[in-house]
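A short worksheet on the structure shown next.
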């Protein structure tokens with residue numbers, strides 16, 4: 459199932475899709491993607507959808523969007539403009555969406571472990587401060603991602619993340635990615651957080667690269683209508 463939210467009296471649409479819509483534009487997926495992006499227009503409720511998008515490179519880079527289209531390499535987008543849909547594609551990583559009505563701040567992040575380890579949330583905090591976005595008014599939405607039940611990791615994660623988010627399950631170490639993100643958002647003042655509790659590897663209703671090793675992807679998407 460997909461999840462759709464309409465915060466601040468419908469001023470925004472926040473959408474997390476599932477495995478019923480493959481949205482990856484990789485060569486082997488292009489026919490599906492073209493058809494499925496048409497379906498996204500219907501879900502969002504718009505006749506035309508002007509998108510801004512990235513080449514995701516597992517980095518801390520967050521780009522400011524002033525016009526739709528390709529924004530370059532990075533793993534986050536933000537804008538104050540209306541009618542530009544920001545999105546990331548995921549298949550285990552965490553899509554994070556933030557909206558704030560006073561300034562019109564609209565943001566989407568691709569939060570895999572590498573962007574997190576490299577400081578993408580610190581970069582978010584810097585942008586929020588520089589753009590004078592009041593954190594008390596921000597609503598954050600966390601989409602489906604791989605959860606600690608399935609996310610086994612190597613000992614090198616101890617170099618990047620606090621031990622409270624690294625759980626021992628038998629001989630393996632597991633990472634609570636989403637719990638780490640929630641804690642970090644709260645630390646920077648974002649306390650209004652909606653969490654979609656779905657593990658992408660456990661739940662076959664979602665694409666999972668770890669489980670399936672395919673290029674199929676779901677999306678986390680946000681658009682400010684006015």
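Numbering (the numbering used here), first residue to last: 459 to 684.
We put the beta carbon where it would ideally sit given N, CA and C, even for glycine.
Notebook entry, point to check: For residue 553, which residues from the same chain have a beta carbon less than 6 Å from its beta carbon, with the 5 sequence-adjacent residues on both sides left out?
Noted result: Walking along the chain shown from the start, residue 553 turns up at place 95. Correct list, in chain order: 546, 601 and 678.
Margin query: Tell me the rounded alpha-carbon separation between residue 466 and residue 682.
Written below: Position 8 of the chain shown, counted from the start, is the residue given in the question as residue 466. Position 224 of the chain shown, counted from the start, is the residue given in the question as residue 682. Taking the straight line from one Cα to the other gives about 10 Å.
Check: Measuring CA to CA, which of 567, 464, 621 and 512 is closest to residue 603?
Finding: Here residue 603 corresponds to residue number 145 of the chain shown, with the count starting at 1. Nearest option by C-alpha distance: 567.
Check: Considering residue 682, what are the terminal residues of the alpha helix (DSSP H) in which it resides?
Finding: By 1-based counting over the chain shown, the position of residue 682 is 224. Counting along the chain, residue 682 falls outside any alpha helix (DSSP H), though it belongs to the beta strand (DSSP E) covering 676 to 682.
Check: With 16 as the cutoff for other CB atoms within 10 Å, does residue 505 come out buried or exposed?
Finding: As a working note, residue 505 is residue 47 in the chain shown. Flag for residue 505 reads exposed.
Margin query: Within a Cβ cutoff of 8 Å, which residues of the same chain sit near residue 639, ignoring the five residues on either side of it in sequence?
Written below: The residue given as residue 639 occupies position 181 in the chain shown. 552, 554, 569, 574, 579 and 600, listed in sequence order.
Note to self: Output needed for residue 632: all residues of its chain with C-beta closer than 6 Å, excluding positions within five of it in sequence on either side, in chain order.
What the structure shows: Taking the chain shown and counting its residues from 1, one reaches residue 632 at position 174. The answer, listed in chain order, is 606, 609, 610 and 625.
Checklist line | Extent of the continuous alpha helix (DSSP H) to which residue 501 belongs | finding: Taking the chain shown and counting its residues from 1, one reaches residue 501 at position 43. Start and end: 488 to 502.
Notebook entry, point to check: By how many angstroms is the C-alpha of residue 658 removed from the C-alpha of residue 641?
Noted result: Taking the chain shown and counting its residues from 1, the one referred to as residue 641 is at position 183. Taking the chain shown and counting its residues from 1, the one referred to as residue 658 is at position 200. Roughly 21 Å between the two C-alpha positions.
Check: residue 542 and residue 508 look like a contact to me (Cβ under 8 Å); what is the Cβ gap, rounded to whole Å?
Finding: Along the chain shown, read from residue 1 onward, the residue named residue 542 stands at position 84. Along the chain shown, read from residue 1 onward, the residue named residue 508 stands at position 50. The pair is a contact, with the Cβ atoms about 6 Å apart (cut-off 8 Å).
Item checked: With 16 other Cβ atoms within 10 Å as the buried cut-off, status of residue 597 -> In the chain shown, residue 597 corresponds to position 139, counting from 1. So residue 597 ends up on the buried side.
Note to self: Let me make sure I understand the geometry here. Which of 645, 461 and 468 has the alpha-carbon closest to that of residue 407?
What the structure shows: Since the first residue of the chain shown is 459 and the last is 684, residue 407 is not available in this structure.
Check: How should residue 482 be labelled, buried or exposed, when 16 other C-beta atoms within 10 angstroms of its C-beta is the threshold for buried?
Finding: The residue given as residue 482 occupies position 24 in the chain shown. Under this definition residue 482 is a buried residue.
Next item on the list: Check residue 636 in the structure and name its three-state DSSP category.
Entry: For this step, residue 636 is matched to residue 178 along the chain shown. Looking at residue 636 - three-state DSSP - the assignment turns out to be helix.
Next item on the list: Would you kindly report the start and end of the unbroken beta strand (DSSP E) that includes residue 625?
Entry: In the chain shown, residue 625 corresponds to position 167, counting from 1. Where residue 625 is concerned, the enclosing beta strand (DSSP E) stretches over 624 to 627.
Note to self: I need the boundaries of the alpha helix (DSSP H) containing residue 579, first residue and last residue.
What the structure shows: Looking up residue 579 in the chain shown gives position 121. From DSSP, the alpha helix (DSSP H) with residue 579 extends over 578 to 588.
Notebook entry, point to check: What is the DSSP secondary structure of residue 596, reduced to helix, strand or coil?
Noted result: As a working mapping, residue 596 is identified with position 138 in the chain shown. In the structure shown, residue 596 sits in coil (DSSP, three-state: anything other than H, G, I, E or B).
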